[in-house]
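Structure, as structure tokens:
There are 2 protein chains.
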Amino acid sequence: MTVDMEIICVGNELLIGKVVNTNASWLGKRATALGVAVKRITVVADVIEEMSTAFQEALSRKPKFIVVTGGLGPTFDDKTLEGIAKALNRNLSVSKEALDMVKAKYGEYTKTRNIPEDELTPARVKMATLPADTTPIRNPVGTAPAIRADLNDTVLVVLPGVPREMEAIFEESVAPLLRQAAGDRGFFELSIYAEKIMESVIAPLIDTVMHENPLVYIKSHPKGRENQPHIELHLSTSGKPSDNPQNRLAKAALQLSALIEKTDGEVVKVESQGQV
Amino acid sequence: MTVDMEIICVGNELLIGKVVNTNASWLGKRATALGVAVKRITVVADVIEEMSTAFQEALSRKPKFIVVTGGLGPTFDDKTLEGIAKALNRNLSVSKEALDMVKAKYGEYTKTRNIPEDELTPARVKMATLPADTTPIRNPVGTAPAIRADLNDTVLVVLPGVPREMEAIFEESVAPLLRQAAGDRGFFELSIYAEKIMESVIAPLIDTVMHENPLVYIKSHPKGRENQPHIELHLSTSGKPSDNPQNRLAKAALQLSALIEKTDGEVVKVESQGQV
Numbered sequence: 224m225t226v227d228m229e230i231i232c233v234g235n236e237l238l239i240g241k242v243v244n245t246n247a248s249w250l251g252k253r254a255t256a257l258g259v260a261v262k263r264i265t266v267v268a269d270v271i272e273e274m275s276t277a278f279q280e281a282l283s284r285k286p287k288f289i290v291v292t293g294g295l296g297p298t299f300d301d302k303t304l305e306g307i308a309k310a311l312n313r314n315l316s317v318s319k320e321a322l323d324m325v326k327a328k329y330g331e332y333t334k335t336r337n338i339p340e341d342e343l344t345p346a347r348v349k350m351a352t353l354p355a356d357t358t359p360i361r362n363p364v365g366t367a368p369a370i371r372a373d374l375n376d377t378v379l380v381v382l383p384g385v386p387r388e389m390e391a392i393f394e395e396s397v398a399p400l401l402r403q404a405a406g407d408r409g410f411f412e413l414s415i416y417a418e419k420i421m422e423s424v425i426a427p428l429i430d431t432v433m434h435e436n437p438l439v440y441i442k443s444h445p446k447g448r449e450n451q452p453h454i455e456l457h458l459s460t461s462g463k464p465s466d467n468p469q470n471r472l473a474k475a476a477l478q479l480s481a482l483i484e485k486t487d488g489e490v491v492k493v494e495s496q497g498q499v
Numbered sequence: 224m225t226v227d228m229e230i231i232c233v234g235n236e237l238l239i240g241k242v243v244n245t246n247a248s249w250l251g252k253r254a255t256a257l258g259v260a261v262k263r264i265t266v267v268a269d270v271i272e273e274m275s276t277a278f279q280e281a282l283s284r285k286p287k288f289i290v291v292t293g294g295l296g297p298t299f300d301d302k303t304l305e306g307i308a309k310a311l312n313r314n315l316s317v318s319k320e321a322l323d324m325v326k327a328k329y330g331e332y333t334k335t336r337n338i339p340e341d342e343l344t345p346a347r348v349k350m351a352t353l354p355a356d357t358t359p360i361r362n363p364v365g366t367a368p369a370i371r372a373d374l375n376d377t378v379l380v381v382l383p384g385v386p387r388e389m390e391a392i393f394e395e396s397v398a399p400l401l402r403q404a405a406g407d408r409g410f411f412e413l414s415i416y417a418e419k420i421m422e423s424v425i426a427p428l429i430d431t432v433m434h435e436n437p438l439v440y441i442k443s444h445p446k447g448r449e450n451q452p453h454i455e456l457h458l459s460t461s462g463k464p465s466d467n468p469q470n471r472l473a474k475a476a477l478q479l480s481a482l483i484e485k486t487d488g489e490v491v492k493v494e495s496q497g498q499v
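Note that the protein sequences, when read in sequence, are chains A and B. The first sequence begins at 224 in our numbering and counts up one residue at a time. The second sequence begins at 224 in our numbering and counts up one residue at a time.
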């Protein structure tokens, strides 16, 4: 059975297009590679009401995992923990464990850089103020701890928005959870690049190959124009090693290539990404 | 009053992280520049059930505009028009106007490139098969027409996922609608880059300035590390020219800079993007 996940990114900067959402694509790629299916990505503003609504909607769909990014820092617009508290209808309070993590960071900073301010100001305590019954997760490269909540149907993880921190925490503390849930299921992909054949002419060929290979998903990505065609055909499948997903992929790719060549198209390149 | 918009992007390639969602950030930036507030971005798979659910949820929030991208092409996985039909509970049928657009494109291709296949294959007719009571929109650079549906509370626009086509149709046919709805409201932004002051130390300074300038939104983007701080403070506001939004922004920026310098931080750069 497929293990599914949703991604929710909090941040006005994503909505106004100031920042391109590379966190979502990074998480999508990593989760997919670990055998987990990402079903939805949602981006909302730094507004408690809007994020808590989005959290509740995602929870109601009962994915196995929800990964939230952004809004864990010390400034007023970092409201994600308040949004989680509201969505889960839980109180916020200072977590001793999280506070120790934050305190240790500022202790380190003071030691290594001779910065005088190591006191726990309200902005710093805020990063350790968590919704009830959530667990802080160590941030190996930054200050704000991430958090984890084990709910009935879903494991909810909240990561910082700074990519370097988000990625480090994901690799250290989230990837193992996904890997364990997905078992030895892997994701495999392969791309065929075709020229001299229009997307509208390839369309029925894809239908034929997908019909004969129901576990392989084929998506066409036009890179040129319809009348100067250069098309990437992306084939993907997932499964356990015992199911030979790679063979399945190779068979579909060979069939599709042969059909393209027979229809006067030209296969100019085949790229196997293997397992991401 | 603010005119609001949601963006919905359809495509497995976005969920598996194969493609970074630059369509969403491009649309977010353009809508914001036109004075429209983007409230939510949703990414869903090429699955009719999942996209129609996302369309219905967005419609129920009654934004003035919903812009959908992706899934208008000729292949089997281009299912967005079916998703729209299901969400609106309308039938699909071939639109003569859309079919003429598609036919004309293939006519052109045949003439200019000596391509024999100008017949209307099922894959091509599919691009002209629209939900009832929707209008095709001219695609100046590609084949598949975009579509528009004028609903009770919302104007729903569906654009192709190919960025070049999406952008051209937006500029030609969607931007004028947004501009008209937003009136002469504009969006203004300015960034202050500070060093030698930690984000947790800046946090209360931002609070002070935002409290005194309630129409200016300030967001901090840490670019360095908490103990080697390099922080972008992004100030933004929107309004009609008669409200002098630019002055409002300049005043807040001056206050914030002064507070940073007073707290031993260093303002290393001020960048005014003006109106995007």
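For glycine and all other residues, C-beta sits at the position ideal for the given N, C-alpha and C. Since we're looking at a predicted model, the values are computed, not measured.
According to the DSSP assignment, Asp-227/B belongs to the beta strand (DSSP E) that extends over 226–233. Flagged as an interface residue toward chain B: Asn-235/A, by a C-beta distance shorter than 9 Å.
Closest in alpha carbon position to Glu-390/B, among Leu-304/B, Gly-447/B and Trp-249/B, is Trp-249/B. Residues Ile-271 and Leu-315 of the same chain have their beta carbon placed closer than 7 Å to that of Glu-305/A, with the five preceding and five following residues left out of the count. Burial is judged here by how many other beta carbons sit within 10 angstroms of a residue's own beta carbon; Gly-447/B has fewer than 16 and is exposed.
The secondary-structure analysis by DSSP pairs Gln-451/A across a beta bridge with Arg-448/A. Residue-level contact check: Arg-253/B touches chain A, since one or more beta carbons of chain A fall below 9 Å from its beta carbon. Using a C-beta cut-off of 8 Å, the stretch 463–479 of chain B makes no contact with the stretch 395–404 of chain B, since fewer than three inter-stretch Cβ pairs fall below that distance. Chain A has a Cβ within less than 9 Å of the Cβ of Ala-247/B. Linking Leu-257/B to Ile-239/A through their CA atoms gives a straight-line distance of about 11 Å. For Gly-409/B, DSSP records a beta bridge to Gly-462/B.
Ala-426/B has a beta carbon lying within less than 9 Å of a beta carbon in chain A. Of Ala-351/A, Cys-232/A, Val-348/A and His-457/A, the smallest CA-CA separation from Ile-289/A is found for Cys-232/A. As for any alpha helix (DSSP H) of minimum length 4 sitting wholly inside the stretch 376–427 of chain A, the runs are 386–392 and 398–405, ordered along the chain. Neighbourhood of His-457/B in chain A, by CB distance below 8 Å: Glu-236 and Lys-241, in chain order. At least 9 Å separates the beta-carbon of Ser-318/A from that of Asp-300/B. In the displayed model, Pro-354/B falls within a strand according to three-state DSSP.
Residue pairing of Lys-492/B in beta bridges, as defined by DSSP: Tyr-416/B. Under a criterion of Cβ atoms nearer than 7 Å, the residues of chain A adjacent to Tyr-332/B are, in order, Glu-449 and Asn-450. Comparing alpha-carbon positions, the option among Glu-229/B, Asn-436/B and Glu-494/B lying closest to Lys-285/B turns out to be Glu-229/B. When beta bridges are read from the DSSP output, Ala-260/A appears opposite Asp-227/A.
Lys-349/A has a beta carbon lying within less than 9 Å of a beta carbon in chain B.
Taking a C-beta distance under 9 Å as the contact criterion, Ser-414/B and Val-493/B qualify as a contact pair.
With respect to Ile-425/B, Thr-298/A sits close: the two C-beta atoms are nearer than 9 Å. Listed by position along chain B, the residues whose Cβ is nearer than 8 Å to that of Met-433/A are Phe-299. Burial check for Met-350/A: the Cβ neighbour count within 10 Å reaches 16 or more, so the residue is buried. Distances from the CA of Thr-225/B to each of Thr-255/B, Asn-246/B and Leu-237/B were compared; the closest alpha carbon is that of Thr-255/B. In terms of beta-carbon proximity, His-444/A lines the interface with chain B, with at least one pair separated by less than 9 Å. Note that the C-beta distance between Ala-369/B and Pro-354/B is not below 9 Å. The criterion of a C-beta distance shorter than 9 Å is satisfied by Glu-412/B and His-457/B. The Cβ-Cβ distance between Leu-295/B and Val-381/B falls below 9 Å. A straight line joining the alpha-carbon of Asp-356/A with that of Leu-322/A spans about 15 Å. Contacts with chain B at 9 Å (Cβ-Cβ) include Asn-244/A.
Nearest CB-CB separation between Thr-292/B and chain A: not below the 9 Å threshold.
In this structure, DSSP gives Pro-345/A a helical state, which the three-state scheme calls helix.
Taking a beta-carbon distance threshold of 9 Å, Lys-302/A does not count as an interface residue toward chain B.
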